[in-house]
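Here the structure is laid out as structure tokens; the discussion comes afterwards.
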Amino acid sequence: MKNKTKQAEELTAFTRGNIFDIDNEIQRLNNLTKMSEEALSRPRIVQKEIIPEHLDKAKKTFHLLKTELHGLIQSLFPHASDQMMDVMGVRVSLHVQVFIMTYINITSVKLFVKVQNIFGVCKVFACLIVIGGGIYEIAKGNTENLSKGFEGSTNSAGGIALALYSGLWAYDGWNSVTVVTEEIINPGVNVPLSISIAVPLITGLYVFMNVAYMTVLSYSEMISVPAVAVAFGARVLGPFSFIIPLGVAIATFGCAMS
1 MKNKTKQAEE
11 LTAFTRGNIF
21 DIDNEIQRLN
31 NLTKMSEEAL
41 SRPRIVQKEI
51 IPEHLDKAKK
61 TFHLLKTELH
71 GLIQSLFPHA
81 SDQMMDVMGV
91 RVSLHVQVFI
101 MTYINITSVK
111 LFVKVQNIFG
121 VCKVFACLIV
131 IGGGIYEIAK
141 GNTENLSKGF
151 EGSTNSAGGI
161 ALALYSGLWA
171 YDGWNSVTVV
181 TEEIINPGVN
191 VPLSISIAVP
201 LITGLYVFMN
211 VAYMTVLSYS
221 EMISVPAVAV
231 AFGARVLGPF
241 SFIIPLGVAI
251 ATFGCAMS
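Residues in the sequence shown are numbered from 1 upward in steps of one, following UniProt numbering.
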């Protein structure tokens, strides 16, 4: 008991002495936002000045990043204590990611686009891994849960419209692309084209991923586990299951930047 108390005291001292407080980081973001608002009142804004919209979104996704990073660290280091993960893992990762997001957004639009493209490829690759795992399980004959997974579904127009509406907000790229129309060549053609391609593509990925989940997880398991994708990865991918929470973390980071 004394050793645990001593370890906790040492951990607390380390945290106070070496890790920035999250409130200070948020206050710094607030100050940067005020500076950017003042910059916007000037006639011209150079490329390297701060974009307040991105900083605002970074603040809004701060707690979301904390949740996703906690899950990632727990998957990579399952034997670490919750206190150790919260203090040393999640907070340090948060500060690093907020700094990276801020730096990318204030440095260059081209850098932002390149980073988003890389993260986009990684996210799609993670989705394809899940779908591939589902196809493998179906080939093995694990189709018992597929018939039960869609119980209660209807093909009414209202139900389809509601599902489509929910899916549109699960993937927000169709909305975000309209914010950067000034950066797009021939937006009148390319914006509608990108939306018409991306929405069906993402919808297909999401549908096939859910089908893949049902090849190894029952309905009761899907609603009871903390993270469906992580549970799927643990059963199908074995030692490579870390790919799933890593993909979730990448997706969250990309969402925070968009």
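Beta carbons: idealized from backbone N, C-alpha and C, even for Gly.
Keep in mind it's a predicted model, so treat the numbers as computed, not measured.
- Message: Assuming valine 191 and threonine 178 are in contact, meaning their beta carbons sit under 8 Å apart, how far apart are those beta carbons, in whole angstroms?
- Response: Taking the sequence shown and counting its residues from 1, one reaches residue 191 at position 191. Taking the sequence shown and counting its residues from 1, one reaches residue 178 at position 178. About 6 Å; that satisfies the 8 Å criterion.
- Rounded C-alpha distance that separates leucine 217 from phenylalanine 232: In the sequence shown, the residue the question calls residue 217 occupies position 217. In the sequence shown, the residue the question calls residue 232 occupies position 232. Each residue's alpha carbon lies about 7 Å from the other.
- Task: May I have a chain-ordered list of the alpha helix (DSSP H) segments no shorter than 4 residues that lie completely inside the region 156-203?
- Result: Counting only runs of 4 or more, we get 157-170 and 173-176.
- How big is the Cα-Cα spacing for serine 93 and phenylalanine 242? Taking the first residue of the sequence shown as position 1, residue 93 is located at position 93. Taking the first residue of the sequence shown as position 1, residue 242 is located at position 242. Phenylalanine 242 has its alpha-carbon roughly 17 Å from the corresponding atom of serine 93.
- Less than 8 Å between the CB atoms is what I'm expecting for phenylalanine 253 and glutamine 97, so what's the real figure, rounded? Reading the sequence shown from its first residue, position 253 is the one you call residue 253. Reading the sequence shown from its first residue, position 97 is the one you call residue 97. The Cβ separation is near 6 Å, so the contact holds.
- Task: Work out the CA separation of valine 236 and lysine 140 for me, nearest whole Å.
- Result: Taking the sequence shown and counting its residues from 1, one reaches residue 140 at position 140. Taking the sequence shown and counting its residues from 1, one reaches residue 236 at position 236. If you draw a straight line from the Cα of lysine 140 to the Cα of valine 236, it is about 12 Å long.
- Spatial neighbours of cysteine 127 within its chain, please: CB distance less than 7 Å, with the 5 preceding and 5 following residues excluded, ordered by chain position. To locate residue 127, count along the sequence shown from 1; it is residue 127. Around cysteine 127: Leu205 and Met209.
- Query: Which residues in the same chain as alanine 157 place their Cβ atom closer than 6 Å to its Cβ, once the five residues preceding and following it in sequence are excluded?
  - Reply: Taking the first residue of the sequence shown as 1, we reach residue 157 at position 157. Excluding residues within five positions, none has a Cβ falling inside 6 Å.
- Query: Which word fits threonine 215, buried or exposed, when buried means at least 16 other C-beta atoms lie within 10 angstroms of its C-beta?
  - Reply: Locating residue 215 in the sequence shown gives position 215, counting from the first residue. Result: buried.
- Message: Considering only the alpha carbon of each residue, which of Tyr171, Val211 and Thr143 lies closest to serine 196?
- Response: Counting from one through the sequence shown, the residue named residue 196 turns up at place 196. Nearest option by C-alpha distance: Tyr171.
- Message: Tell me the rounded alpha-carbon separation between proline 245 and glycine 159.
- Response: Locating residue 245 in the sequence shown gives position 245, counting from the first residue. Locating residue 159 in the sequence shown gives position 159, counting from the first residue. Their backbone Cα atoms lie some 31 Å apart in a straight line.
- Query: Just the Cα atoms here: how many angstroms apart are valine 199 and isoleucine 106?
  - Reply: On the sequence shown, position 199 is the one that residue 199 refers to. On the sequence shown, position 106 is the one that residue 106 refers to. CA-to-CA, the gap between valine 199 and isoleucine 106 works out to about 29 Å.
- Message: Counting C-beta neighbours from all protein chains within 10 Å, is the total for glycine 247 16 or more, i.e. buried, or is it exposed?
- Response: Taking the first residue of the sequence shown as position 1, residue 247 is located at position 247. With 16 or more other Cβ atoms within 10 Å, it is buried.
- What's the call for glycine 132, buried or exposed, on a 16-neighbour Cβ count within 10 Å? For this step, residue 132 is matched to residue 132 along the sequence shown. Counting every other CB atom within 10 Å of its CB across the protein chains shown gives glycine 132 a total below 16, marking it as exposed.
- Item | Distance, serine 220 Cα to serine 147 Cα | Indexing the sequence shown from 1 puts residue 147 at position 147. Indexing the sequence shown from 1 puts residue 220 at position 220. Computed Cα separation, rounded: 14 Å.
- Query: By Cβ distance, which residues of its chain are closer than 7 Å to serine 153, with the 5 residues on each side in sequence left out?
  - Reply: Here residue 153 is taken as the residue at index 153 of the sequence shown, counted from 1. Closer than 7 Å at Cβ, skipping near neighbours: no residue.
- Same chain, Cβ closer than 7 Å to lysine 123, five either side skipped, listed in chain order: Here residue 123 refers to the residue found at position 123 of the sequence shown. Excluding five sequence positions before and after lysine 123, the CB atoms of its chain that fall closer than 7 Å to its own CB belong to Gly247, Ile250, Ala251 and Gly254, given in chain order.
- Message: Taking the straight line between their C-alpha atoms, what separation do you get for asparagine 142 and leucine 162?
- Response: As a first step, residue 142 must be located in the sequence shown, where it is residue number 142. As a first step, residue 162 must be located in the sequence shown, where it is residue number 162. Looking at the backbone, the Cα of asparagine 142 and that of leucine 162 are separated by about 30 Å.
- Task: Could you pull the start and end residues of the alpha helix (DSSP H) that leucine 111 belongs to?
- Result: As a first step, residue 111 must be located in the sequence shown, where it is residue number 111. Here the alpha helix (DSSP H) through leucine 111 covers 109-139.
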